[in-house]
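Enquirer: Take a look at the following structure, please.
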Amino acid sequence: NVAEHDGEKRNIIFLGHDTKQDIAYLRKLGYDPDNLANLIEFQDTAAMWRAVTGEQSTRGLAHIMYALELESWNTHNAGNDAVYTVHAMIGICIKDLQKKASDEDDEGGVSLLPEKKMDVEKEVKKITKKFVEWDM
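So the sequence shown is numbered by this note's numbering: it starts at 86 and just counts up by one.
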């Protein structure tokens, strides 16, 4: 069982893009992911994108990948979309960290403490380097 390691159940995060339809379909098939005791939370890259960009409308995965300058080919293919959704999540997190590291909190939002900006910038560079090295 993938969710178990040494007899212990590992925590699960359900990640998807515009997940409402996916969850509804799973429930229609008789499987409710909410019933998993080790499910920590649901994450939706469409909602994450709206939160980071302030856009009101839901964007497709291909649009988000393009906006993040990440390659994506043959979208709407289950295997590709699963990988691209993980890439989009990482890209959105990096974009948000970069924004928080550079913002001077002009609009009353949350910004990072000055001493943390250097740490974030260093981590973003490290993660971005590893992310770009992935063979897509």
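All C-beta atoms in this analysis are idealised placements derived from N, C-alpha and C, irrespective of residue type, glycine included.
Can you tell me whether Ile-98 is buried or exposed? The criterion is at least 16 other CB atoms within 10 Å of its CB, across all chains shown.
Expert: By one-based count along the sequence shown, residue 98 stands at place 13. Ile-98 comes out exposed.
Enquirer: Which value, in whole angstroms, describes the spacing of the CA atoms of Gln-141 and Arg-135?
Expert: As a first step, residue 141 is located in the sequence shown; it is residue number 56 there, counting from the start. As a first step, residue 135 is located in the sequence shown; it is residue number 50 there, counting from the start. The straight-line gap from Cα to Cα measures roughly 6 Å.
Enquirer: At the level of alpha carbons, what is the spacing between Thr-130 and Ile-149?
Expert: For this step, residue 130 is matched to residue 45 along the sequence shown. For this step, residue 149 is matched to residue 64 along the sequence shown. One C-alpha to the other measures close to 9 Å.
Enquirer: May I ask which residues mark the beginning and end of the beta strand (DSSP E) holding Leu-153?
Expert: Counting from 1 along the sequence shown, the entry for residue 153 is found at position 68. Where Leu-153 is concerned, there is no enclosing beta strand (DSSP E), given that its DSSP letter is neither H nor E.
Enquirer: Taking the straight line between their C-alpha atoms, what separation do you get for Arg-112 and Leu-100?
Expert: The sequence position of residue 112 within the sequence shown is 27, counting from 1. The sequence position of residue 100 within the sequence shown is 15, counting from 1. Going from the Cα of Arg-112 to the Cα of Leu-100 covers about 16 Å.
Enquirer: Grouping DSSP H, G and I as helix and E and B as strand, with all else coil, what is Glu-93?
Expert: As a position in the sequence shown, residue 93 is number 8, starting the count at 1. Strand.
Enquirer: Can you tell me where the alpha helix (DSSP H) with Gln-183 in it begins and where it stops?
Expert: The sequence position of residue 183 within the sequence shown is 98, counting from 1. From DSSP, the alpha helix (DSSP H) with Gln-183 extends over 163-187.
Enquirer: Is Leu-121 helix, strand or coil by DSSP?
Expert: The residue you call residue 121 lines up with position 36 of the sequence shown. Note: Leu-121 maps to coil in three-state DSSP.
Enquirer: What three-state label does DSSP hand Gln-128 in the structure shown?
Expert: Sequence index remark: in the sequence shown, residue 128 carries index 43 (1-based). Three-state DSSP puts Gln-128 in a strand.
Enquirer: Once DSSP output is grouped into helix, strand and coil, what is the label at Leu-111?
Expert: What you label residue 111 is simply residue 26 of the sequence shown in a count that begins at 1. Correct three-state label for Leu-111: helix.
Enquirer: Under the rule that 16 or more other beta-carbon atoms within 10 Å means buried, what is His-161, buried or exposed?
Expert: Mapped onto the sequence shown, residue 161 falls at position 76. Exposed: under 16 other Cβ atoms inside 10 Å.
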